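Right, one structure below, let's go through it.
Number of protein chains: 2
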Amino acid sequence: MTQDSIPTQTAKVADYLFTRLSQLGIQSVFGVPGDYNLRLLDFVEPAGLHWVGNCNELNAAYAADGYARINGLGALITTFGVGELSAINGIAGAYAEKAPVIHIVGTPSRALQESRTLVHHTFADGEYRRFAAMHAQVTIAQANLTDPRTAAEQIDWVLEQVLVHSRPVYIEVPDDMVDVMIPATNLEARKIQLPPTPSPKHEELVITTVLERIYSAKRPLIFVDGESRALGILPQIDELVKTTGWPTWTSAFGKGLVNEKLDNVYGFYGADYGSKQSKAYFGSADLLFVLGPHYSNTNTLGFTTIPDQAASISFSGTTIQIGKDSYRDFSIQHFLTQLLRSLDQDRIPRAEGLPPKSKMDLSHINKSDLITQDYFYRFVNHIFSEGDIVATETGTASYGGRAFTLPPNTRMFGAVTWLSIGYMLPASLGAALAQQETNKNKPSNGAGRRKGRLFLFIGDGSLQMTVQEISTIIREKLDVTIFIINNAGYTIERAIHGRQQAYNDITSWRHLQALSFFGGGEEDAAKNNFTARTFGELEEVLQSERIQNGSGLRIVEVYMGREDCQGLLKTLLVSQIAQEAEN
Amino acid sequence: MTQDSIPTQTAKVADYLFTRLSQLGIQSVFGVPGDYNLRLLDFVEPAGLHWVGNCNELNAAYAADGYARINGLGALITTFGVGELSAINGIAGAYAEKAPVIHIVGTPSRALQESRTLVHHTFADGEYRRFAAMHAQVTIAQANLTDPRTAAEQIDWVLEQVLVHSRPVYIEVPDDMVDVMIPATNLEARKIQLPPTPSPKHEELVITTVLERIYSAKRPLIFVDGESRALGILPQIDELVKTTGWPTWTSAFGKGLVNEKLDNVYGFYGADYGSKQSKAYFGSADLLFVLGPHYSNTNTLGFTTIPDQAASISFSGTTIQIGKDSYRDFSIQHFLTQLLRSLDQDRIPRAEGLPPKSKMDLSHINKSDLITQDYFYRFVNHIFSEGDIVATETGTASYGGRAFTLPPNTRMFGAVTWLSIGYMLPASLGAALAQQETNKNKPSNGAGRRKGRLFLFIGDGSLQMTVQEISTIIREKLDVTIFIINNAGYTIERAIHGRQQAYNDITSWRHLQALSFFGGGEEDAAKNNFTARTFGELEEVLQSERIQNGSGLRIVEVYMGREDCQGLLKTLLVSQIAQEAEN
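Chains as they are written, first to last, in full-length UniProt numbering: chain A, 1 to 583; chain B, 1 to 583.
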């Protein structure tokens, strides 16, 4: 196109942007209206996107993140300054844990910005670029759509970055740019997708080396970590796990990314989980296939579960590391596909000395026993079925949830690295909505109730952070069951420090009134509330028709001890008590 | 002190910091516990400070801002990454509207930071400085306490900046620095205060010029804007208004900073407020005494109320502007004190042609009339009494609240420039707490109920943003009455754009269950709820014993029309309807 040619196909900026979101598989957009994004919002529903108005912008960011992790991409729209800064902690979390979120901000018109007019939602100092500078710290790419000549290319470029990096991006749309016409031939002519990765020069060598390592392994294993999701290699992992039959473990971040019902899948790996034989096998493995590693202190239980690199082949970003040697610039997805095709099934060694899978023996629990953290999670495990989502908020719930054995195709969210308490409730809203949209396009499994079920386990402290999003879950008619763990405050913090300090207390709420307060239908508000203090009561709740086959939001308040915790948390608590005794 | 000398007086870093806060008049600190601030929190209550645990960090920042505007200084403590970023929009608001807030962040230990360990609450990339870089955009000074040799000086320097600029500052305390000993002789030897302002060379000239202008004025007036609070000149303004008897108006930001019961104080100035005579007087004044101007679009009704500088003497920051001439580097407080001392009472011209004060004629309202925005605010006005705080959240409430006539010593919060909806509820918590602390040290006014009363007017949309802080208001036993304006969504946004768009809708809540859900005492939860649809019902509520003389939190749900609004909002709405008719 020469400078003077007029494009034959044009579209308004907002239409172009929202059409692109639609093409990329986004069906719902989250956010909050504000003075500088109202004109932009006019275009959302006409573009065929569902608008989800959240109670505040942080919640919208969390929801878009949860949506992105299930759907593959999520988006939110906020307003300049106040809105985008309220959301920024949620954007940071998406950056930390590689959730592909598009943050669209409606900004003041170009005329106001260029004349440095002292408008509201600024510091009344004529400086309009601060918030973008802040977002540059927590997003992988940014675009400010101020010029119709470049806006389309900017949008396309930014959206390509979100696919490439699986990390949030930031798009500013000045109020007066919303309905400006821009060239739109690309909408049909150019699909936004991962750019092709040219075959790196070492490709053949690496394939050969990996195959040799596979064929010669004696004690092989597969370790699935959470960045596998961002790498888009879940189908390849599934095939690898099935084809090899090798024992497979996951990190907390990787949990829910492989089918735990397979005989060779052992679930979460860590000091307090699994049998001694598991640990012995893991420790003496001569080939560790490591997929999507994410080595933060929390995801590695204090750096204790990081596989020995000398015996590992790791797949991370665009790099394959074999022992000490790194090979860059691979498409991991492409490489694994190639590898699986090249595999000679007959030469794959069967893993020997396989550890037994740990069983859940709960037979010793009496109905009158008070509910405790150590058995609670395995006790409720049987309500999950294929296609569900299980969300465990940072705290005792995320520790406990590692013990779940998940049905196939069951995704799970837990504490990884960002650990912003309050995240999980709005993220559940987003995830459940994405799941419901996905399931609409799938054949029903017969029971006819599978709109998209999500089970959230959350402590009473975390709940207080973002509780109002319960009302959006109600409005969106999502099938969500929330187990509120009432243990009178921040038990995870009590375990870490300040066991008896008042700063770890919270105000006690009447949780079972939430459904009514936040606008639930009268029948739901009256009948969808449950409470349990003993395992007997809990079993009754789990068997009830409304939990098993009901719809909409259900709330179960489960009482547990103020200092009841497990694993590392328990160790920390015990050491505090010992110190107190010394003083 | 030479390099090798050992300071005779030392203190732990946390003790030093909290002692300084105490010395500066802070009695309560807001925040949320988190992994990296727990050790720091151990020192809060032992230092004699009251810890207020908020439901989330944004609410804590808003509360600290509200506290700061009443108390003169406020503080919050958050944790690294997740906590501080959740709070950052509140810090930005304090920056925009000059609230002196100290943001203290507990960060990972120096060892973890220096070794770039991949801990939680980071992006697992070894980069620890991003969040400080973001805070540098919204704070006036920053300190990272990593070195015991400089920590005390850093603390003192940062605290001086918050006094000088009346804007937020940022202090990072690494986890392992909390109990490190530092030199503490300054705690007694050096008071933190505004540094003295040397007399600028033009001082005498400026005093003389201003006096001449005063003595020769024919149609003088005083215009009080909101930065007068940050300038610390409220007593001088009070004296000036009383001494001159000149007609006095305020902006929205300035409202509540002068005694509106005085005959010459007319309250809020703007297109839709006050009589024609007021506007005529304002427009033809030959001397405008302008104090603490803050000229954002919202605080000047779209730049329509900015006084003509040619006829003005303006006092802003450290600058005095007389007509076209600017004189810098003054202490405005000192200058005004000098000026008042030099004033020859007999030569002060009496203002002539004073406009009449508008009266509130509500006699035409019938009991059965539905409540409307145009009369609601003046109708409830009579419940305010001396020493109260009135808070009007951005939206129809902040527009309506401009019509209040406030009793003496009644502070008011309204929409100024940042306009982050959700601000006002947590800010009310902070303000009411500061007021209660202040009143403890004052003689009772006899009625014996003046612990600190606050009246909050808030729309149902704004309420959803930060509603959970109701539970902290309950826990802190503050005397707060909340009028929830139930008009089914974001009416302010409907007025601006999207009158009938679904994105301006919200989920309907059962507001009168809030007290119970958020943990109110059983009697309060049952009896402190009120509702009104007509002016008759409203009057009954206002007359009730629990509203008049009760204590704790009371909630009044007031129903108003979905599109009922006033002033500029009404103009915008009418123009939308006209456009719709055209299309």
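Ideal placement from N, C-alpha and C gives every residue a C-beta, glycine not left out.
Bear in mind the structure is a predicted one, so any value in this text is a computation, not a measurement.
Secondary structure at N37(B): coil, using DSSP grouped into helix, strand and coil. Taking CB atoms only, D42(A) has a neighbour in chain B less than 8 Å away.
Contact note: Y16(B) does not reach chain A at a C-beta cutoff of 9 Å; the least C-beta distance is about 20 Å.
Residues of chain A with a Cβ closer than 7 Å to the Cβ of E437(B) do not exist; the shortest Cβ-Cβ separation is about 19 Å.
At a Cβ-Cβ threshold of 8 Å, A75(A) and V29(A) count as neighbours. Just so you know, the alpha carbons of I306(B) and F404(B) end up roughly 21 Å apart. Selection A14(B), C55(B) and G83(B) evaluated against L49(B) yields A14(B) as nearest (Cα-Cα). Residues F80, G81 and V82 of the same chain have their beta carbon placed closer than 6 Å to that of H121(A), with the five preceding and five following residues left out of the count. Spanning the alpha carbons of Q142(A) and S166(A) requires a straight line of approximately 14 Å. At a cut-off of 8 Å between beta-carbon atoms, F518(A) makes contact with chain B.
Considering only R129(B), V164(B), M412(B) and I155(B), the residue with the shortest C-alpha distance to E386(B) is M412(B). Taking a C-beta distance under 8 Å as the contact criterion, E239(B) and G292(B) do not qualify as a contact pair. At the C-beta level, L145(B) and E127(B) stay beyond 8 Å of one another. When DSSP states are grouped into helix, strand and coil, A532(A) belongs to the strand group. Only W51, G53, C55, N56 and L58 from the region 49-77 of chain B bring a Cβ to less than 7 Å from some Cβ of chain A. Between the alpha carbons of A351(A) and L572(A) lies a gap of roughly 36 Å. Sorting A133(A), S314(A), L553(A) and A94(A) by C-alpha distance to the C-alpha of L73(A) places A94(A) at the top.
The shortest CA-to-CA distance from A310(A) to any of N487(A), L262(A), D325(A) and F384(A) is the one to D325(A). Runs of the beta strand (DSSP E) spanning 3 or more residues and lying entirely within the region 166-251 of chain A occur at 169-174, 181-183, 220-224 and 248-250, in chain order. For R69(B), the enclosing alpha helix (DSSP H) stretches over residues E57 to N71. Along the region 483-494 of chain A, the positions whose C-beta sits under 7 Å from a C-beta of chain B are Y490 and E493, read in chain order. In this chain, the alpha helix (DSSP H) harbouring N89(A) covers V82 to A96.
A Cβ of chain A is located within less than 8 Å of the beta carbon of M134(B).
Taken through DSSP and simplified to helix, strand or coil, G106(B) comes out as strand. A Cβ-Cβ distance of about 6 Å is found for the pair I484(B) and L463(B), placing them in contact under the 8 Å criterion. Taken atom to atom, the span from the alpha-carbon of T392(B) to that of R510(B) is near 21 Å. With contacts defined as CB atoms closer than 8 Å, W51(A) and Y503(B) qualify as a contacting pair. Straight-line spacing of the CA atoms in Y377(B) and G401(B) works out to 6 Å.
For R213(A) and P356(A), the gap between their C-alpha atoms comes out near 25 Å.
Your pair S86(A) and L41(A) does not check out as a contact, with CB atoms roughly 17 Å apart and the cut at 8 Å. Taking C-alpha positions only, L24(A) is separated from I102(A) by approximately 12 Å. Listed in chain order, the beta strand (DSSP E) elements of length 3 or more contained wholly in the region 517-580 of chain B are 529-532 and 553-559. Nearest CB-CB separation between H294(A) and chain B: below the 8 Å threshold.
The DSSP-derived three-state label of A351(B) is coil. CA-to-CA, the gap between T396(B) and L456(A) works out to about 37 Å.
The Cβ of F315(B) sits no closer than 8 Å to any Cβ of chain A.
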